[in-house]
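Asker: Counting from 15, one number per residue, gives the positions in the sequence shown under my numbering.
Idealized CB from N, CA, C, for every residue including glycine.
Computed from a predicted structure; not experimentally measured.
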Amino acid sequence: MSNELKITVVELVGRTFLTTDIKDLVLMPGDNITFTCSLTQGNGSHFFWIHNEQNLKQDTATYEFRGGGKVLHVNSAQPDHEGSYQCAVKKYSLSGRPLVSKSDIWTLKISGESGSYLTLFVVVLVVALILLIAIFIIVMNLYQNKICKTHFLPGKPQNARVTMETIGDELVALDNEENFQRITSSQN
Numbered sequence: 015m016s017n018e019l020k021i022t023v024v025e026l027v028g029r030t031f032l033t034t035d036i037k038d039l040v041l042m043p044g045d046n047i048t049f050t051c052s053l054t055q056g057n058g059s060h061f062f063w064i065h066n067e068q069n070l071k072q073d074t075a076t077y078e079f080r081g082g083g084k085v086l087h088v089n090s091a092q093p094d095h096e097g098s099y100q101c102a103v104k105k106y107s108l109s110g111r112p113l114v115s116k117s118d119i120w121t122l123k124i125s126g127e128s129g130s131y132l133t134l135f136v137v138v139l140v141v142a143l144i145l146l147i148a149i150f151i152i153v154m155n156l157y158q159n160k161i162c163k164t165h166f167l168p169g170k171p172q173n174a175r176v177t178m179e180t181i182g183d184e185l186v187a188l189d190n191e192e193n194f195q196r197i198t199s200s201q202n
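1. Looking at the unbroken beta strand (DSSP E) that takes in Ile47, where does it start and where does it end?
2. Under three-state DSSP, which class holds Leu146?
3. Taking the C-alpha atoms as reference points, what is the distance between Gly97 and Thr133?
4. Can you tell me whether DSSP reads Gln92 as helix, strand or coil?
5. DSSP three-state label for Gly83, please.
6. Helix, strand or coil for Ile36, going by three-state DSSP, please let me know.
7. When the Cα atoms are used, what is the spatial distance from Ser90 to Ser109?
8. Could you tell me the alpha carbon to alpha carbon distance between Tyr106 and Val138, rounded to whole angstroms?
9. Since Leu122 and His95 are thought to touch, with beta carbons under 8 Å apart, how far apart are those beta carbons, to the nearest angstrom?
10. Does Asn155 come within less than 8 Å of chain D when only Cβ atoms are used?
11. Examine the ligand MN and report whether any of its heavy atoms sits within less than 7 Å of the Cβ of Leu139.
12. Shortest alpha-carbon distance to Gly64 belongs to which of Glu18, Leu32, Leu53, Met42?
13. Quick one: what does DSSP say Gln68 is sitting in, helix, strand or coil?
14. Would you identify the three-state DSSP class for Leu113, choosing helix, strand or coil?
15. Quick one: what's got a C-beta closer than 8 Å to Gln72's C-beta in the same chain, skipping five residues either side?
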């Protein structure tokens with residue numbers, strides 16, 4: 015009778031976790047973000063990234079893998095970058111069997127998507143329009159004060175009704191016939 019002892023070695027992958035270089039996962043278009051994938055124990059032989067349940071391929075214009083794939087850098091975040099991110103680590107057991115561990119899912123938001131630029135444009139346009147109207151009103155008041163000079167006799171009430179007459183190249187407010195004759199005779 016032989017006493018055989020069978021020993022099975024189980025190699026654990028360890029827990030995979032995801033960290034990032036910013037606290038808030040809400041970015042403005044054009045911001046950068048870096049995700050780092052780590053294991054609680056051991057090393058993985060292959061790191062890969064999942065965005066919106068699809069494996070990411072390195073695209074230097076959009077995504078950059080660093081540190082042997084442990085780090086994912088998003089260059090100039092755009093609305094396409096919004097969604098869920100997860101990292102996964104694959105390593106092989108001594109028997110050659112693949113072992114995979116995935117991190118928790120993190121959700122990235124991109125604020126100010128397409129509408130924010132339009133909103134900013136509308137706000138700037140409205141402010142510019144208000145400024146133009148204000149400038150127009152000021153210029154018109156200055157222009158009218160320049161061409162419309164009133165001539166009142168001393169001692170006459172200033173709120174009396176007047177007649178507007180063109181004398182020469184000026185528009186003159188006349189408070190009575192006596193004033194009209196005085197002004198026309200002084201210009202001759």
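Answerer: For this structure:
1. Locating residue 47 in the sequence shown gives position 33, where the first residue counts as 1. Bounds of the beta strand (DSSP E) holding Ile47 are 47-53.
2. Along the sequence shown, one-based indexing puts residue 146 at 132. In the displayed model, Leu146 falls within a helix according to three-state DSSP.
3. As a working note, residue 97 is residue 83 in the sequence shown. As a working note, residue 133 is residue 119 in the sequence shown. Going by the C-alpha atoms only, they are around 23 Å apart.
4. For the purposes of this step, residue 92 is taken as the residue at position 78 of the sequence shown. DSSP places Gln92 outside both helix and strand once states are collapsed to three, so it counts as coil.
5. By one-based count along the sequence shown, residue 83 stands at place 69. The DSSP-derived three-state label of Gly83 is helix.
6. By one-based count along the sequence shown, residue 36 stands at place 22. Ile36 sits in coil when the DSSP states are folded into three classes, being neither helix nor strand.
7. The residue you call residue 90 lines up with position 76 of the sequence shown. The residue you call residue 109 lines up with position 95 of the sequence shown. Rounded to the nearest whole angstrom, the CA to CA distance from Ser90 to Ser109 is 43 Å.
8. As a position in the sequence shown, residue 106 is number 92, starting the count at 1. As a position in the sequence shown, residue 138 is number 124, starting the count at 1. About 58 Å.
9. Here residue 122 corresponds to residue number 108 of the sequence shown, with the count starting at 1. Here residue 95 corresponds to residue number 81 of the sequence shown, with the count starting at 1. For Leu122 against His95, the beta-carbon gap comes to about 6 Å, under 8 Å, which counts as contact.
10. In summary, chain D is missing from the structure at hand, where a single protein chain is found.
11. The ligand MN is not part of this structure, which contains no ligands at all.
12. Mapped onto the sequence shown, residue 64 falls at position 50. Note that residue 64 corresponds to Ile in the displayed sequence, not to Gly. With distances taken between Cα atoms, Ile64 lies closest to Leu32.
13. To locate residue 68, count along the sequence shown from 1; it is residue 54. Strand.
14. Residue mapping note: residue 113 aligns to position 99 of the sequence shown, counting from 1. Under the three-state reduction of DSSP output, Leu113 falls in the strand class.
15. In the sequence shown, residue 72 corresponds to position 58, counting from 1. Contacts found: Glu78, Phe79.
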